[in-house]
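Chains as they are written, first to last, in my numbering: chain F, 133 to 567; chain Z, 133 to 567; chain C, 133 to 567; chain X, 133 to 567. Below is one structure; the comments refer to it alone.
Protein chains: 4
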Amino acid sequence: MTQSGTTEATTKFNAAPLVADCHALARRYRRIRSFTESLCKPLVTEDYVVQTMPDVSPTKWHLAHSTWFFEALVLAKADKGYSWWQEQYKYLFNSYYNSIGPHFDRPRRGVLSRPTVEDIFNYREEIDARLVELLNRIDSASPLLPVITLGLHHEMQHQELLLTDIKHVFASNPLRPIYCEQLSRATTTQLPLNWKAYDAGLVRVGYAGSGFAHDNELPNHQVFVPPFSLATRLVTNGEYLSFILDRGYERPELWLSDGWVAKTSQNWTAPLYWQQQGDQWQYMTLGGLRGVDASAPVCHVSFYEADAYARWARFKIPREEAWELAASDLSIEGNFAESGNYHPVPAKEQTGPDALCQMFGDLWEWTSSPYVDYPGYQPPSGPLGEYNAKFMCNQMVLRGGSCATPQSHIRPTYRNFFPPDTRWQFSGIRLANPL
Amino acid sequence: MTQSGTTEATTKFNAAPLVADCHALARRYRRIRSFTESLCKPLVTEDYVVQTMPDVSPTKWHLAHSTWFFEALVLAKADKGYSWWQEQYKYLFNSYYNSIGPHFDRPRRGVLSRPTVEDIFNYREEIDARLVELLNRIDSASPLLPVITLGLHHEMQHQELLLTDIKHVFASNPLRPIYCEQLSRATTTQLPLNWKAYDAGLVRVGYAGSGFAHDNELPNHQVFVPPFSLATRLVTNGEYLSFILDRGYERPELWLSDGWVAKTSQNWTAPLYWQQQGDQWQYMTLGGLRGVDASAPVCHVSFYEADAYARWARFKIPREEAWELAASDLSIEGNFAESGNYHPVPAKEQTGPDALCQMFGDLWEWTSSPYVDYPGYQPPSGPLGEYNAKFMCNQMVLRGGSCATPQSHIRPTYRNFFPPDTRWQFSGIRLANPL
Amino acid sequence: MTQSGTTEATTKFNAAPLVADCHALARRYRRIRSFTESLCKPLVTEDYVVQTMPDVSPTKWHLAHSTWFFEALVLAKADKGYSWWQEQYKYLFNSYYNSIGPHFDRPRRGVLSRPTVEDIFNYREEIDARLVELLNRIDSASPLLPVITLGLHHEMQHQELLLTDIKHVFASNPLRPIYCEQLSRATTTQLPLNWKAYDAGLVRVGYAGSGFAHDNELPNHQVFVPPFSLATRLVTNGEYLSFILDRGYERPELWLSDGWVAKTSQNWTAPLYWQQQGDQWQYMTLGGLRGVDASAPVCHVSFYEADAYARWARFKIPREEAWELAASDLSIEGNFAESGNYHPVPAKEQTGPDALCQMFGDLWEWTSSPYVDYPGYQPPSGPLGEYNAKFMCNQMVLRGGSCATPQSHIRPTYRNFFPPDTRWQFSGIRLANPL
Amino acid sequence: MTQSGTTEATTKFNAAPLVADCHALARRYRRIRSFTESLCKPLVTEDYVVQTMPDVSPTKWHLAHSTWFFEALVLAKADKGYSWWQEQYKYLFNSYYNSIGPHFDRPRRGVLSRPTVEDIFNYREEIDARLVELLNRIDSASPLLPVITLGLHHEMQHQELLLTDIKHVFASNPLRPIYCEQLSRATTTQLPLNWKAYDAGLVRVGYAGSGFAHDNELPNHQVFVPPFSLATRLVTNGEYLSFILDRGYERPELWLSDGWVAKTSQNWTAPLYWQQQGDQWQYMTLGGLRGVDASAPVCHVSFYEADAYARWARFKIPREEAWELAASDLSIEGNFAESGNYHPVPAKEQTGPDALCQMFGDLWEWTSSPYVDYPGYQPPSGPLGEYNAKFMCNQMVLRGGSCATPQSHIRPTYRNFFPPDTRWQFSGIRLANPL
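What follows is the structure, encoded as structure tokens:
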């Protein structure tokens with residue numbers, strides 16, 4: 133976790149503090165932490181408690197765990213004789229860091245009525261005070277700064293998870309609670325599906341800048357990319373409905389073997405949160421139950437569904453290096469969490485026919501790349517080595533961020549990852565066409 | 133389903149209204165309903181939401197379901213065009229009455245953050261008002277009165293379940309929350325284990341009075357009971373510890389075959405809620421974590437453990453008719469929910485050496501009688517037929533009520549029933565000795 | 133049981149040897165053992181190996197385990213320094229006798245290709261020789277004789293299990309192998325369903341003779357039986373089809389709660405081995421796939437189905453003491469294993485309108501009595517105490533024997549027992565009508 | 133794949149028949165088919181029937197399914213009105229080809245006692261006759277020839293599976309049957325672990341010859357390979373024991389997260405088939421139970437164990453393209469199935485210090501490459517498209533063949549694949565060292 137002019141083969145979870153000095157970092161800390169709290173505004177106390185499936189965490193757990201991160205990995209490391217705010221929180225809000233100690237069983241997070249929501253807001257307040265106090269007494273060369281910076285990116289990841297999880301909580305409830313009002317949108321016309329072509333070539337992949345990046349984006353390295361073209365927009369609900377109507381969920385020849393097993397055992401007949409009302413399809417959104425918008429991108433599909441759709445459409449899902457190559461010179465603009473919409477929107481007219489849209493924001497885009505380490509990758513030592521490295525198996529890479537991702541969290545080199553049957557994230561499909 | 137001079141073979145879920153007239157019933161209604169609410173006083177909002185295992189229901193579910201009972205089985209039956217307070221509650225808070233309609237999946241009760249606790253207290257208030265208004269306009273011959281009376285006994289059952297469930301919720305939490313302060317008690321001496329003998333004879337079993345009784349206590353009928361003697365008190369923690377120390381949990385010859393499987397697969401090494409701290413045993417109570425009191429009755433054991441203990445002690449578990457014979461002339465006094473202690477207490481000195489103590493209150497006593505219908509039993513028609521009858525398989529009868537049972541809820545003929553591996557109820561052991 | 137000076141409360145698993153002396157016992161031994169082997173005649177080597185579900189054992193396991201019984205419980209007890217024929221068989225072919233030692237995991241019996249079928253026939257031959265040799269050198273007062281007698285009844289139980297298990301093996305095979313030719317029968321007319329009435333009374337139940345009986349039939353004791361009448365024949369396929377056509381499998385109000393769960397999770401829509409071919413129903417028999425015979429008794433139903441059928445028909449399933457009372461003065465005649473038919477046959481015209489038929493043989497008849505110990509029951513000490521006693525929970529009693537039971541195995545007091553969801557045994561339904 | 137004017141993006145499952153003409157193919161057909169049968173020589177009938185876990189198939193199923201391949205994909209395609217030898221075999225012995233029709237449930241293969249072993253040998257004989265007859269009447273341009281060639285490679289895959297599966301069957305049996313006598317070997321000294329270094333470069337990967345190759349080895353394409361060095365031999369049992377002794381199975385920081393879950397839930401404490409006898413380790417081999425040979429390569433480890441070992445040793449598992457680059461100029465020699473040893477042997481002295489040994493034969497070598505399609509890959513149309521393509525998810529690539537692989541089956545470009553928790557294959561570990 134050094135920095136400095138390291139060579140390509142040296143991996144570090146970040147390359148530089150997010151901001152130049154401790155005061156700026158403290159300001160950023162407060163801004164990001166309070167954004168988390170603002171996301172809780174629409175919730176009542178009961179909403180913070182519930183866990184609807186093992187992958188989902190209660191809101192209050194997110195609030196506590198992201199705080200735990202600063203306590204366990206910053207405050208407790210900074211002071212020899214550090215005294216935990218509540219000794220038991222060390223165990224209760226550890227997610228999976230074996231090097232820090234045992235942790236409460238993940239699928240049981242929803243059985244804890246205590247600590248209360250109020251207790252946890254108090255916890256946040258207390259740790260925030262301690263953290264800012266710490267920032268006042270260390271200098272910007274302190275090795276704690278990169279960890280605090282990482283903690284803020286960790287906080288942003290949990291902002292997104294908080295949203296995806298509360299959506300699952302609300303969608304599991306027959307009362308269909310509403311999290312937020314969404315802009316009612318005039319029906320838009322669907323943009324035509326165009327393609328942008330790329331030549332084969334030896335390119336560099338992975339983070340090479342001087343800002344923050346996760347360890348799994350490193351080291352920057354060479355890859356040979358064969359020629360391909362990339363769809364200029366995401367697959368829409370309307371297009372995906374054609375796949376459903378063409379019996380896409382009933383034809384094993386369109387599916388990976390494991391995908392067919394997942395589909396069958398979990399009774400998938402449409403994306404997650406879809407339901408049929410007579411002839412009409414509706415879906416649950418954070419704005420409540422709504423009619424499916426044909427021109428909006430299809431969302432809450434697993435990699436298996438993305439792959440089956442691509443096979444049906446006679447295209448492919450892109451590899452992550454192709455996606456990164458295409459994204460590398462785009463500006464990071466799009467429909468992010470800051471919009472407060474929390475739902476993907478239809479692609480808008482672009483300047484040229486092969487201009488890529490929706491690359492950032494709207495939906496995480498499944499790639500056909502299994503999540504593995506880059507050549508020369510070395511995980512950080514200690515607990516931070518558990519952040520990303522131990523998950524490099526049985527997962528697929530997703531790129532680009534979503535409507536639930538904070539804008540400043542994303543980079544062209546950012547690698548998100550989930551198992552191929554995951555559906556509760558804001559995940560969608562962009563097609564590729566090998567040339 | 134009223135009474136009248138029915139013959140023995142006619143079964144009815146109750147034999148007479150609990151009280152003589154509507155006004156008295158309304159008063160009783162308010163008293164029982166508000167006792168339920170008083171049990172919630174120690175809880176914070178988060179505590180109402182959590183479900184720690186499929187058998188446990190969230191507190192707010194208990195509050196809503198016992199209200200639903202009056203709405204679905206009284207109000208909605210009373211008025212042709214009855215309009216539900218909330219249409220979806222009909223489905224959400226139905227427990228298992230197929231004749232009323234589909235119900236929300238039981239093991240998923242804990243995923244519902246809404247309706248909120250406040251919504252549900254409002255629901256109670258509204259239905260209470262409607263019910264009292266109904267009682268004002270019907271007369272005491274109305275067939276609704278027995279159903280309302282049943283509803284109050286149903287409410288009392290859920291008062292007990294609310295307590296057993298919140299105990300499970302608190303005991304599942306490493307923070308060990310405390311529900312109530314309990315009297316600190318001076319250590320008492322354990323009474324000697326005496327026996328009271330009974331001759332063989334043809335006796336009558338089942339309810340024969342003119343008050344309320346559940347359908348499963350009917351009809352009153354003849355049974356031949358062989359000679360037996362009954363222990364004058366419950367098995368104590370101290371005695372049960374001897375069983376543990378004698379490797380009772382490690383010797384298959386002491387166990388029923390299914391019991392051994394349950395013990396092994398669920399890793400039982402002591403009663404539920406016990407934990408070893410060095411050489412000392414502690415247990416979780418509604419008053420928090422406490423040292424095991426050797427002279428208090430052993431609690432939270434399954435029928436399998438009761439049966440293994442009895443085999444080890446070279447005695448038997450009594451049959452329900454023997455228990456009922458012994459209880460039939462005792463007054464219904466003991467350590468009930470009204471004591472606010474919610475924990476069993478040691479047996480106290482009695483008038484004579486073979487006086488039975490702890491027969492009512494303290495702990496439900498496992499019998500060795502599988503729960504089946506009495507000869508000539510006919511379940512009520514309609515939804516009330518689902519109240520008891522369909523559970524008459526794979527369960528064992530328990531008798532006598534517990535420290536979590538309201539006193540006015542219990543009778544000598546009262547039959548509680550649970551599967552033989554059940555441990556989260558306040559269940560204990562009384563030995564019998566066949567002669 | 134009474135006799136031989138003992139008091140009622142003294143239980144033992146048998147009261148007298150099946151035959152008067154060792155020579156007669158040796159002859160009986162050879163006869164019963166070779167009947168087992170004759171049941172294997174229709175099998176090819178592969179058929180002996182397969183286990184189609186945990187309850188089913190491979191044929192070769194039955195052959196070995198019933199031999200193990202004589203080796204473990206007779207030969208090894210008879211001689212201090214007894215040397216096992218194969219040391220590992222002690223472990224491999226122990227079923228569940230913890231007091232003898234560990235046993236190979238039951239659901240894994242079908243993974244053992246070795247010992248071979250030939251090895252096991254050699255095992256039988258060797259143990260038979262040793263056993264007969266033993267009988268030559270002990271006298272008829274030896275305590276081993278009752279154990280040998282029990283071993284022969286154990287052998288007969290496994291003769292029946294061998295047949296029920298091979299039926300399951302063949303029915304699991306799409307090639308539908310045939311075990312035996314059955315008599316083709318002219319279609320018979322269904323006898324009318326008549327009732328035989330019995331008065332209430334205090335009766336004696338349990339074995340009271342001087343021959344062999346299982347410990348669970350003891351002691352003979354008094355029971356008060358309320359008035360009842362019993363159907364003169366078993367429920368037929370034709371009658372059961374009416375239940376199916378009346379949507380009996382789709383109406384939860386007809387089912388016990390646990391029965392509905394079993395039905396739903398196991399997808400029952402008809403008795404086991406039934407399949408619909410267009411409009412016609414067929415079932416698998418040991419004579420292959422055949423059309424359902426409307427006048428033959430319905431077979432391979434669980435207790436849950438028997439109970440649901442009885443509720444639909446507005447009758448009851450009889451208690452075991454009522455059945456025993458009715459059977460006590462009947463001669464033990466019927467359609468047993470010796471007929472070589474291995475399938476129930478329609479009831480035949482009787483001498484009088486209320487003469488009971490099919491009480492013995494044809495099908496085991498579910499009773500509504502949970503399998504518990506009789507008052508005063510004491511299990512034998514040592515391994516034989518594990519034979520019956522530890523299963524006295526969560527099972528229902530069946531009476532009367534079946535077409536797969538050897539005739540000399542059955543008695544009016546005989547208590548078979550299986551969990552209420554069991555279907556692969558030859559089990560049927562006789563109705564009762566409480567008066 | 134050849135090229136032959138085609139572009140790189142054109143994929144086909146094979147590029148040329150294995151042999152030049154039909155007569156030669158018929159000879160090869162007979163040779164390969166009879167090798168399968170020769171592998172069955174040590175078996176008794178019972179051994180053919182048993183399935184010890186879902187991944188294992190009974191020997192007789194392998195014999196039948198590899199025959200089914202020729203009937204379903206060659207004979208039935210060759211003649212319009214083809215009549216199956218046994219109509220039901222089409223269903224019974226289909227493995228997973230949805231485009232051919234439904235198939236018998238894989239985990240239930242072991243419940244089928246029929247068809248008998250003899251039936252299946254007859255089936256083989258009949259189909260062999262039909263196939264050779266077919267080869268007599270078609271010419272070498274027939275499109276059936278490549279399918280027959282594929283069928284022979286398929287047969288060789290099942291030769292290996294037959295061996296791995298019978299090993300699992302024998303190892304599951306406490307009697308520890310022996311499949312074959314193995315040469316007793318003098319203890320050899322372990323070769324030092326040397327490294328062979330490779331420069332970075334843009335290389336071609338995938339089959340480019342004119343013989344047979346599987347579709348998943350195509351197309352030949354460019355990949356950039358960073359610099360690396362490869363261990364000159366496999367990891368030995370002795371080295372792996374050091375990992376065990378260093379508590380490798382107890383330290384979560386050494387494991388992938390999914391690996392730790394697999395290890396824990398499956399109770400791994402050593403490679404599959406290892407058992408501790410006092411201080412000594414033994415393992416089950418096809419030659420029976422033997423002491424662990426410290427200088428022989430460690431075998432029957434999952435990818436998770438390989439990866440944990442590499443992390444512990446501070447090395448990496450190589451990517452498949454690195455392995456292929458290193459193997460591309462080696463001759464295909466090693467310890468293959470033809471040796472009749474069926475067990476890996478210690479590495480032997482090589483000509484130079486960085487000469488690679490054990491690259492072919494001995495053990496399949498885990499790579500750290502998830503099994504995905506090569507750029508430009510197109511699966512064959514029809515059933516052969518199901519052969520490889522649908523499994524390209526959640527599996528890892530293995531390279532080099534094993535002691536159970538027929539020598540003529542393997543190529544430097546050959547890609548085997550199994551899920552990362554697989555242990556019953558002959559799989560081992562070769563380390564890599566990124567430079």
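The beta carbon of each residue, even a glycine, is placed where N, CA and C say it ideally should be.
**Asked** When DSSP builds the beta bridges, which residues end up paired with Pro174(C)?
**Response** What you label residue 174(C) is simply residue 42 of the third sequence in a count that begins at 1. The partner list for Pro174(C) (beta bridge, DSSP) is empty, contrary to what the question assumes.
**Request:** Pick out the complete alpha helix (DSSP H) segments inside the segment 214-274 of chain F, 4 residues or longer, and give them in chain order.
**Result:** Counting only runs of 4 or more, we get 221-224, 249-269.
**Opening and closing residue of the alpha helix (DSSP H) in which Pro278(F) lies** = Counting from 1 along the first sequence, the entry for residue 278(F) is found at position 146. It spans 276-303 - the alpha helix (DSSP H) in which Pro278(F) sits, taken as one unbroken run.
**Message:** For a contact defined as C-beta to C-beta under 9 Å, what are the partners of Glu385(F) on chain X?
**Reply:** Mapped onto the first sequence, residue 385(F) falls at position 253. The contacting residues are Asn230, Ser231, Gly517, Glu518, Lys522.
**Asked** Can you name the start and end residues of the beta strand (DSSP E) that Tyr330(X) belongs to?
**Response** As a first step, residue 330(X) is located in the fourth sequence; it is residue number 198 there, counting from the start. DSSP places Tyr330(X) inside the beta strand (DSSP E), whose first and last residues are 327-330.
**Rounded C-alpha distance that separates Ala469(F) from Trp556(F)** = In the first sequence, counting from the first residue as 1, residue 469(F) sits at position 337. In the first sequence, counting from the first residue as 1, residue 556(F) sits at position 424. Cα-Cα distance, rounded: 16 Å.
**Message:** Looking at the secondary structure, which residues open and close the alpha helix (DSSP H) in which Arg422(X) lies?
**Reply:** What you label residue 422(X) is simply residue 290 of the fourth sequence in a count that begins at 1. Where Arg422(X) is concerned, there is no enclosing alpha helix (DSSP H), although the beta strand (DSSP E) it sits in stretches over 420-423.
**Message:** Counting only Cβ pairs nearer than 7 Å, list the residues of chain X close to His353(F).
**Reply:** Here the question's residue 353(F) lines up with position 221 in the first sequence. Within chain X, the residues near His353(F) are Pro358.
**Asked** In this structure, what does DSSP give as the bridge partners for Ser361(Z)?
**Response** Working through the second sequence from its first residue, we reach residue 361(Z) at position 229. Ser361(Z) pairs with Ala329(Z), Asn565(Z).
**Asked** With respect to 7 Å, is the separation between the Cβ of Pro403(C) and the closest non-hydrogen atom of the ligand ZN below this value?
**Response** Looking for the ligand ZN in the displayed structure turns up nothing, as the structure carries no ligands at all.
**Message:** What residue range does the beta strand (DSSP E) around Thr499(X) cover?
**Reply:** Counted from its first residue, the fourth sequence places residue 499(X) at position 367. Unbroken beta strand (DSSP E) run through Thr499(X): 496-502.
**Message:** Is the beta carbon of Glu497(F) closer than 8 Å to that of Arg451(F)?
**Reply:** By one-based count along the first sequence, residue 451(F) stands at place 319. By one-based count along the first sequence, residue 497(F) stands at place 365. No. Outside cutoff.
**Request:** Give me the Cα-Cα distance between Ala394(Z) and Leu404(Z), rounded to the nearest whole angstrom.
**Result:** For the purposes of this step, residue 394(Z) is taken as residue 262 along the second sequence, with counting starting at 1. For the purposes of this step, residue 404(Z) is taken as residue 272 along the second sequence, with counting starting at 1. Distance between the alpha carbons of Ala394(Z) and Leu404(Z): 13 Å.
**Prompt:** In terms of residues, what are the limits of the beta strand (DSSP E) holding Arg531(X)?
**Reply:** Along the fourth sequence, read from residue 1 onward, the residue named residue 531(X) stands at position 399. Residues 528-531.
**Request:** Can you tell me which of the three DSSP states Pro114(Z) falls into?
**Result:** Outside the shown range of chain Z (133 to 567) lies residue 114(Z), about which nothing can therefore be said.
**Message:** My output table needs one value for Phe492(Z): the three-state DSSP class, helix, strand or coil.
**Reply:** Counting from 1 along the second sequence, the entry for residue 492(Z) is found at position 360. Coil, per DSSP.
**Message:** Quick check: the Cα distance between Ala521(Z) and Leu284(Z), rounded to an integer number of angstroms?
**Reply:** Along the second sequence, read from residue 1 onward, the residue named residue 521(Z) stands at position 389. Along the second sequence, read from residue 1 onward, the residue named residue 284(Z) stands at position 152. Across the structure, Ala521(Z) and Leu284(Z) are spaced so that their CA atoms are roughly 19 Å apart.
**Request:** Give the straight-line distance between the Cα atoms of Phe145(Z) and Gly466(Z), rounded to the nearest whole angstrom.
**Result:** What you label residue 145(Z) is simply residue 13 of the second sequence in a count that begins at 1. What you label residue 466(Z) is simply residue 334 of the second sequence in a count that begins at 1. Because the pLDDT at Phe145(Z) is just 43, under 50, the model does not fix this residue reliably, and the value given afterwards should be weighed accordingly. So the alpha carbons of these two residues sit roughly 26 Å apart.
**Message:** So, under 8 Å CB-CB, Leu205(X) and Val357(X) are touching, yes? Tell me the CB distance rounded to an integer number of Å.
**Reply:** Within the fourth sequence, residue 205(X) is the residue found at index 73, counting from 1. Within the fourth sequence, residue 357(X) is the residue found at index 225, counting from 1. Rounded, the Cβ-Cβ distance is 37 Å, inconsistent with contact.
**Item:** Rounded straight-line distance, which links the Cα of Met416(X) to that of Thr321(X)
**Value:** For the purposes of this step, residue 321(X) is taken as residue 189 along the fourth sequence, with counting starting at 1. For the purposes of this step, residue 416(X) is taken as residue 284 along the fourth sequence, with counting starting at 1. Taking the CA atoms as reference points, Thr321(X) sits about 22 Å from Met416(X).
**Request:** Give the interface partners of Asp179(C) over in chain X, defined as CB-CB distance under 7 Å, in chain order.
**Result:** Working through the third sequence from its first residue, we reach residue 179(C) at position 47. Under the 7 Å cutoff, chain X gives Ser245.
**Asked** First and last residue of the alpha helix (DSSP H) that includes Asn588(Z)?
**Response** As displayed, chain Z neither begins before 133 nor continues past 567, which places residue 588(Z) out of reach and without an answer.
**Request:** Compute the Euclidean distance between the alpha carbons of Gly568(F) and Gln412(C), then round it to the nearest angstrom.
**Result:** Chain F is shown from 133 up to 567; residue 568(F) falls before or after that span and cannot be answered.
**Residue(s) in a DSSP beta bridge with Tyr415(C)** = Position 283 of the third sequence, counted from the first residue, corresponds to residue 415(C). Paired residue(s): Trp406(C), Arg422(C).
**Asked** Helix, strand or coil for Arg336(C) per DSSP?
**Response** As a working mapping, residue 336(C) is identified with position 204 in the third sequence. Annotated three-state conformation of Arg336(C) is strand, per DSSP.
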